[in-house]
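Protein chains in written order, with the working numbering: chain A, 76 to 460; chain B, 22 to 400.
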Amino acid sequence: MASIEDFRQEVRDFIETSLPAQLRVGNRKDLPGAPLGKWITALVERGWVTPEWPTEYGGGGLDRKHAAALKAELKAVRAPIISSFGTSMLGPTLLEFGNEAQKKEFLPPISRHEIKWCQGYSEPGAGSDLASLQTRAEKKGDEYIITGQKIWTTGADKADWIFCLVRTDTDVPKHDGISFILFPMNQPEIEVSPLHLIDGTAEFSQVFFNGARAKAEHLVGPVNGGWTIAKRLLQHERSVEGGSEGGLSGAAKETYVDIVKREIGFENGVLANATIRQQLAQQELDAQALKLTMARAREEARAGQTARDIGSLGKYRWANMVKSEQDLVMTALGSQGLGWDGPGFEETQLERTKAWLITRADSIWGGTNEVQLNVIAKRVLQIPE
Amino acid sequence: MGLILSEDQLILRDMAKNFFDEKSPMERMRTLRDTNDDTGFTRELWKEMGELGWISILLPEALGGADMGYGELGVVLSECGRALAPEPFMSTVLLGGNAILLGGSEPLQKDLLPDVSTGDRILAMAFQEQGRFAPYAVETRATKDGGGFKIRGEKLFVLDGHVANQIVVVARTSGSSGERDGLSLFVVDANSAGVEVQRTQMLDGRNAARIRFEDTAVDAGRVLGEIDAGADVLDAVFDRATIGLCAEMLGTFEEAFERTLEYLKNREQFGVKIGTFQALRHRASEMYGELEFARSVVRDAQSSIDDGRDDVAQMASAAKARCSDVGNLIGGEAVQMHGGIGMTDEEDVGLFFKRLKAAELTLGDAIYHRNRYASLRGY
Numbered sequence: 076m077a078s079i080e081d082f083r084q085e086v087r088d089f090i091e092t093s094l095p096a097q098l099r100v101g102n103r104k105d106l107p108g109a110p111l112g113k114w115i116t117a118l119v120e121r122g123w124v125t126p127e128w129p130t131e132y133g134g135g136g137l138d139r140k141h142a143a144a145l146k147a148e149l150k151a152v153r154a155p156i157i158s159s160f161g162t163s164m165l166g167p168t169l170l171e172f173g174n175e176a177q178k179k180e181f182l183p184p185i186s187r188h189e190i191k192w193c194q195g196y197s198e199p200g201a202g203s204d205l206a207s208l209q210t211r212a213e214k215k216g217d218e219y220i221i222t223g224q225k226i227w228t229t230g231a232d233k234a235d236w237i238f239c240l241v242r243t244d245t246d247v248p249k250h251d252g253i254s255f256i257l258f259p260m261n262q263p264e265i266e267v268s269p270l271h272l273i274d275g276t277a278e279f280s281q282v283f284f285n286g287a288r289a290k291a292e293h294l295v296g297p298v299n300g301g302w303t304i305a306k307r308l309l310q311h312e313r314s315v316e317g318g319s320e321g322g323l324s325g326a327a328k329e330t331y332v333d334i335v336k337r338e339i340g341f342e343n344g345v346l347a348n349a350t351i352r353q354q355l356a357q358q359e360l361d362a363q364a365l366k367l368t369m370a371r372a373r374e375e376a377r378a379g380q381t382a383r384d385i386g387s388l389g390k391y392r393w394a395n396m397v398k399s400e401q402d403l404v405m406t407a408l409g410s411q412g413l414g415w416d417g418p419g420f421e422e423t424q425l426e427r428t429k430a431w432l433i434t435r436a437d438s439i440w441g442g443t444n445e446v447q448l449n450v451i452a453k454r455v456l457q458i459p460e
Numbered sequence: 022m023g024l025i026l027s028e029d030q031l032i033l034r035d036m037a038k039n040f041f042d043e044k045s046p047m048e049r050m051r052t053l054r055d056t057n058d059d060t061g062f063t064r065e066l067w068k069e070m071g072e073l074g075w076i077s078i079l080l081p082e083a084l085g086g087a088d089m090g091y092g093e094l095g096v097v098l099s100e101c102g103r104a105l106a107p108e109p110f111m112s113t114v115l116l117g118g119n120a121i122l123l124g125g126s127e128p129l130q131k132d133l134l135p136d137v138s139t140g141d142r143i144l145a146m147a148f149q150e151q152g153r154f155a156p157y158a159v160e161t162r163a164t165k166d167g168g169g170f171k172i173r174g175e176k177l178f179v180l181d182g183h184v185a186n187q188i189v190v191v192a193r194t195s196g197s198s199g200e201r202d203g204l205s206l207f208v209v210d211a212n213s214a215g216v217e218v219q220r221t222q223m224l225d226g227r228n229a230a231r232i233r234f235e236d237t238a239v240d241a242g243r244v245l246g247e248i249d250a251g252a253d254v255l256d257a258v259f260d261r262a263t264i265g266l267c268a269e270m271l272g273t274f275e276e277a278f279e280r281t282l283e284y285l286k287n288r289e290q291f292g293v294k295i296g297t298f299q300a301l302r303h304r305a306s307e308m309y310g311e312l313e314f315a316r317s318v319v320r321d322a323q324s325s326i327d328d329g330r331d332d333v334a335q336m337a338s339a340a341k342a343r344c345s346d347v348g349n350l351i352g353g354e355a356v357q358m359h360g361g362i363g364m365t366d367e368e369d370v371g372l373f374f375k376r377l378k379a380a381e382l383t384l385g386d387a388i389y390h391r392n393r394y395a396s397l398r399g400y
């Protein structure tokens, strides 16, 4: 493999020829379609949508260092990040648990960014207590027939395929009768009904399975062995969340610190409201402490000092941080943060309002705050139940 | 980076832990308190720490020190904090010693610091004049007097001021109270004429003093830093002492938390261990999170000094704001979760609670340090 320095140069040359200036604005929803498509094609040709996957499955075949260098170069020019449920969650899971045929069938289309996946996990009766899920899969010949309901399925209305947790045995303890299976969404036996959320968006759906079909060969891992896979996949989900920057798109370029300073103003050289000044400092201190704690956990793991499970604490404090950041912005904006639509409000103000609303979900999805605290008490502090 | 302990620091930690386990059981601290001990700590133990090189960890080799950093000192201070050992690291090493180290002339350092390192000389720093920490609120005056100065004023909360041999005094040589300019630092011999020391005992069993200076004479060679620009030394001393204090607090609330966790796992009520109650489990998890945050911030603050970074002031305030809040959280919860027994003097957990409160108010509480952090961040 090329030296890191040579490789960085190669990436820079690639960016120079393949990434037009209009795309160097980070992840925005309003990126022009044609140039974006060309950019994705250029990435796909090199396997750089999934740089660390083996080349035989359409990946870039890069080791960790080279992949990190690639990411750093792309980030430096604010290149749009091409990631999906397929690249960040299903792909790594298949690499670990899938058989050769499954890898050959599913990984290349993911690395080509061709197939849209959705995740069938939560159910109306199985949210925090995910393992009590009831969606049934019954074997008939070389197929499974699936009956039940999923909820909070992101992008189900646009997805081509679903990776889904189903119950394949009802006579055993709840964790032991779950399987992980893949099937196409375009079936008359599947009905998708979008959920309208408090911020006015409808990216989540309810999905009804009325006898949908899945090929038996598309069951990943052992039958009734799905819970292990499900947990592993959630870890990928947490690492994705932890790496995000609070859910705001590129349009809201101002940081919360900028907004508070601008809206509250200064008196005698300091923020004009003493309470908000304290809150802003606390917010920055919490963000810094979280960052340092995650960095320390990585260092400890590398040095082999402890094998603490820092994930739950990270998710819990991350959710609190993101929410209180938006709370602070709402406090600063006052009634200008109450706009919903139309004239009288700037686009960025409306976007902030929606961000405040949707970040309420951060302490609910991916394991609620309360579940994280339970996990810490049990697994980290080892307080008997 | 210094976020995790190095191999050497781990060895030092185990050494310090064994030292305090063996020589500083809680009983020792209780006896010092209950017998109203004249010194307030154990001189022999302090000298043993001198022999181990712990008092002079920060000093350069030329002054007989180990030339190590806050990463190492922090390890010792945390173990000190776990044992609630009242030995005078704060007064003698972090405040007085640092003032002489950062601001003293070479002859003055050579004159004073070797005896400090052995544990024979105790230092104190007299800065505070009002209830809440305000570093530039200084009314005490130093006026020119022949070749030297004479000092007049009154100081409060002078840690270990009742036994200090030398006292670093912050006095005003120009300007008025609240101004950063016009401060100067002097090393005053505690036996000088016109030094009146009144011992004050505090809720954590430790000692401070009110000290009056009645035209106390001090030689010009005993000035630290520049006249009128003493704040340059003072700020650096306070930042370092604050970070050291945070390392001690970290050990104190780690110990309080671990004891409380054990109690949750063992205490039975309603026929079950109280740790099975979700209301308590969630609060324990919350404390754990804050503890992890504090540990990260304190370690990074120590690194900011050791690596010569330019954000020491910011990190000192970040650490003290965090540790003050976490001290209150864990100290308070430790008493609450122990229930009735937590209110008794017999149960040690109250000792941790009281020490954390005293430490919180030493060198500025969370409100002070959040304001300072805000100023340093430009708002």
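Glycine included, every Cβ here is placed at the ideal spot set by N, Cα and C. All figures in this text were calculated on a predicted structure; none of them were measured in a lab.
Secondary structure of residue i, DSSP reduced to three states
i, result
"A/S410", "helix"
"A/T245", "coil"
"B/M223", "coil"
"B/F259", "helix"
"A/E316", "A caution first: A/E316 carries a pLDDT of 47, below 50, which makes its placement in the model unreliable, though a value can still be read off. Residue state, collapsed to three classes: helix."
"A/D217", "coil"
"B/L144", "strand"
"B/R231", "strand"
"A/I451", "helix"
"B/F178", "strand"
Any chain B beta carbon closer than 8 Å to residue i
i, result
"A/E460", "yes"
"A/A452", "yes"
"A/A96", "no"
"A/L346", "yes"
"A/T368", "yes"
"A/G317", "Confidence in A/G317 is poor, its pLDDT being 43 and thus under 50, which makes the residue's placement unreliable; the coordinate value appears in the next sentence. No, no contact with chain B."
Buried/exposed call for residue i, threshold 16 Cβ in 10 Å
i, result
"B/E283", "exposed"
"B/M47", "exposed"
"B/L285", "buried"
"A/H271", "exposed"
"B/E82", "exposed"
"B/L105", "buried"
"B/Q149", "buried"
"B/R316", "buried"
"B/A230", "buried"
"B/S77", "buried"
"A/W192", "buried"
"B/D420", "Outside the displayed range of chain B (22 to 400) lies residue 420 of chain B, so it cannot be described from this structure."
"A/P126", "buried"
"A/F341", "exposed"
Beta-bridge pairing of residue i - partner residues as DSSP gives them
i, result
"A/W236", "A/W192 and A/P259"
"A/Q224", "A/F283"
"B/G169", "B/D166"
"A/R288", "A/I220"
"B/A192", "B/S205"
"B/G125", "In DSSP, B/G125 forms no bridge with anything."
"A/L270", "A/F279"
Cβ of residue i within 8 Å of any chain A Cβ
i, result
"B/E217", "no"
"B/G92", "no"
"B/T401", "A query on residue 401 of chain B cannot be resolved here, the shown segment of chain B reaching from 22 to 400 and no further."
"B/Y389", "no"
"B/D321", "yes"
"B/K38", "no"
"B/Y284", "no"
"B/T161", "no"
"B/Y400", "yes"
Partner residues on chain E for residue i, Cβ-Cβ distance less than 8 Å
i, result
"B/E381", "Among the protein chains in the structure shown, which are A and B, there is no chain E."
Residue i: CB within 7 Å of a non-hydrogen atom of the ligand GTP
i, result
"B/L31", "Absent from the structure shown: the ligand GTP. Ligands present: none."
For this session: For the region 228-314 of chain B, list the beta strand (DSSP E) runs that are entirely contained and at least 3 residues long, ordered along the chain.
Result: 228-239
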